[in-house]
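Per the UniProt record's numbering, residue 1 is the first one in the sequence shown, and the count goes up by one each step. The C-beta atom is built at its ideal place from N, Cα and C for all residues, glycine as well.
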Amino acid sequence: MNIGLFIKDFAVGKKFSKDGRPTKSGAEFHGENHALQLIKRGHKVTIMAKKRYWFTQARETIKGIDLVRLHAPFRWLEIIIRLLTTHRHLDAFYIIGTPKFAVWVILYAKLMKKPVTLALTAKAEIFRTEDSWRNKILASCNNYVATTHEIRDGYIAQAHVPAEKVTVLAHGVDMKKYTPLLPERRNELRLENNLAADTDVLLFCARIVENKGIATLLQVWPIVHAKRPKAKLFVVGGGQTELITQLKQMAEETDRSVVVTGEVEAPQVYYQMADIYIFPSWHEALPTSLIEAMASGLVPVTSDIGGCDDLAFDGQTGYRVPVKDAQAYAEKIIYLFDHPEERQQLRANAMALVRRLCDYDYVIDKLYEIIANPDIEGKDYLRP
């Protein structure tokens, strides 16, 4: 099948913004990975996205994906022309997020009687049908994908999408990349990174930006360090220069117990070294890094928000604490450091949950069924 995937940004041409943040969004990660997984299964995928910079090509092939960058200010016109000419053979349409040009895709799909699916991966993308003509069109797709139950409820309550059109489905992760190591290899990896085999290790692996809860992390670690001075905190990810400077300053103030790595290509090694995953974000949909951490055998301590509620179940697969409550975070982390046997049980439960519900081998075939069928009944594939 020839599938058209439509997303606001893709391969924009710059890796980092001026303030140090990576430019690649979570939605772009999902779009790329879904495209590659669909291609792996024998389908053809075209991605259409905004053209941001003059030096990027209007059309190119990236990893087997046919990428078309749409020119401002007439993206709506270009997309119509392409759908009628160069890309008239597309069989189904898959939209991630709510880019403005997507409404023309929906109208074309309806006119040609081809299936169109809208997937939202963030709470902020939930739209109110009565607010604009664009939103009314967004509410007229054949199928809808929600990556969390919170987004599913938003589709129904705010966009007035019939419940039977909405499927709850994780965006998925390649579980083959995120697996725990055998104890012997794990100890070797720790020694390679100047860690004793029995060092307690806390990990944060995400963008270093304000809404990921960096202010909370800066409060949590001094509390933990005071109780567990030999423990280590690894902060992995690129982000705002000012916040990275604050984290490095905290490292100096806590006996160099914090390692700030910056952006890394393969974070798996840090998941494999750590014991506990901290995720103090202020608002989230279904966090990819949380799935990766749980799949790698880490016990999460996370904010009681959004998609975290769909994965971290108190006392079963991890712990949730109130947003910005540094003391509560510290208490749970110290408790888990002090109770390795309970941590092992939570670890096993967490791995089993995400491997069952979030593996590409489970997710992508279900996603294809949704994209390809105009009248498929919505299901909940994220219910434990």
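Taking the alpha-carbon positions, what's the Ile370 to Tyr144 distance? 8 Å
Classify Ala157 as buried or exposed, calling it buried when 16 or more other Cβ atoms lie within 10 Å of its own Cβ. exposed
So, at 6 Å on beta carbons, what are the nonlocal neighbours of Thr105 in its own chain, with the 5 sequence-adjacent residues on each side left out? The sequence shown places Val at residue 105, rather than the Thr named in the question. Same-chain partners within the cutoff: Phe6 and Phe93.
Please check the pair Gly97 and Lys8, which I expect to be a contact at CB under 8 Å, by giving their CB distance rounded to whole angstroms. 6 Å
If you run the structure through DSSP and keep just helix, strand and coil, what is Lys114? coil
Work out the CA separation of Tyr319 and Ala109 for me, nearest whole Å. 44 Å
Tell me, please, whether the segment 325–342 touches the segment 211–224 by the rule of three or more beta-carbon pairs shorter than 8 Å. yes
What is the rounded straight-line gap between the Cα of Val116 and the Cα of Ile95? 8 Å
Am I right that Val260 and Lys248 are in contact with their C-beta atoms under 8 Å? What's the rounded C-beta distance? 5 Å
Three-way DSSP call (helix, strand, coil) for Asp380 in this model: strand
Report the partner residues of Val173 according to the DSSP bridge assignment. Asp359
I believe Leu107 touches Ile79 by the beta-carbon criterion, under 8 Å. Please report the beta-carbon distance rounded to the nearest angstrom. The pair is not a contact, with the Cβ atoms about 10 Å apart (cut-off 8 Å).
Pop quiz: Ile214 and Leu243 are said to be a contact at Cβ under 8 Å. What is the actual Cβ separation, rounded to whole angstroms? 5 Å
Measuring straight from C-alpha to C-alpha, what distance separates Glu130 and His160? 9 Å
Three-state secondary structure (DSSP) of Asp338: helix
Within 8 Å, do at least three Cβ pairs link the segment 249–258 to the segment 306–321? no
Contact check, Thr216 vs Pro267 under 8 Å by CB: the rounded distance? In fact, because the Cβ distance is near 21 Å, the residues do not count as touching under 8 Å.
Which residue marks the beginning of the beta strand (DSSP E) containing Asn2, and which one marks its end? Asn2 to Ile7
Helix, strand or coil at Val209 [DSSP, three-state]: coil
Verify whether the separation of the beta carbon atoms of Ile62 and Val45 is less than 8 Å. no
Considering only the alpha carbon of each residue, which of Phe101, Leu203 and Lys176 lies closest to Pro300? Leu203
Output yes or no for whether 8 Å exceeds the beta carbon distance between Val264 and Gln240. no
Taking the alpha carbon of Phe127 as the reference point, which residue from Ile151, Thr147 and Lys113 has its own alpha carbon closest? Ile151
Among the residues of its own chain, which have a CB less than 7 Å from the CB of Val269, if the five just before and after it don't count? Leu189
Note down the Cα distance separating Ile291 from Gly297, rounded to an integer number of angstroms. 10 Å
As an exercise, report each continuous beta strand (DSSP E) stretch of at least 3 residues that is fully enclosed by the segment 18–69, in chain order. 44–50 and 59–62
Separation of Ala352 from Val201, as counted between CA atoms: 22 Å
Would Ile47 be called buried (16 or more neighbouring beta carbons within 10 Å of its own) or exposed? buried
Measuring only the C-alpha atoms, how far is Cys205 from Trp76? 37 Å
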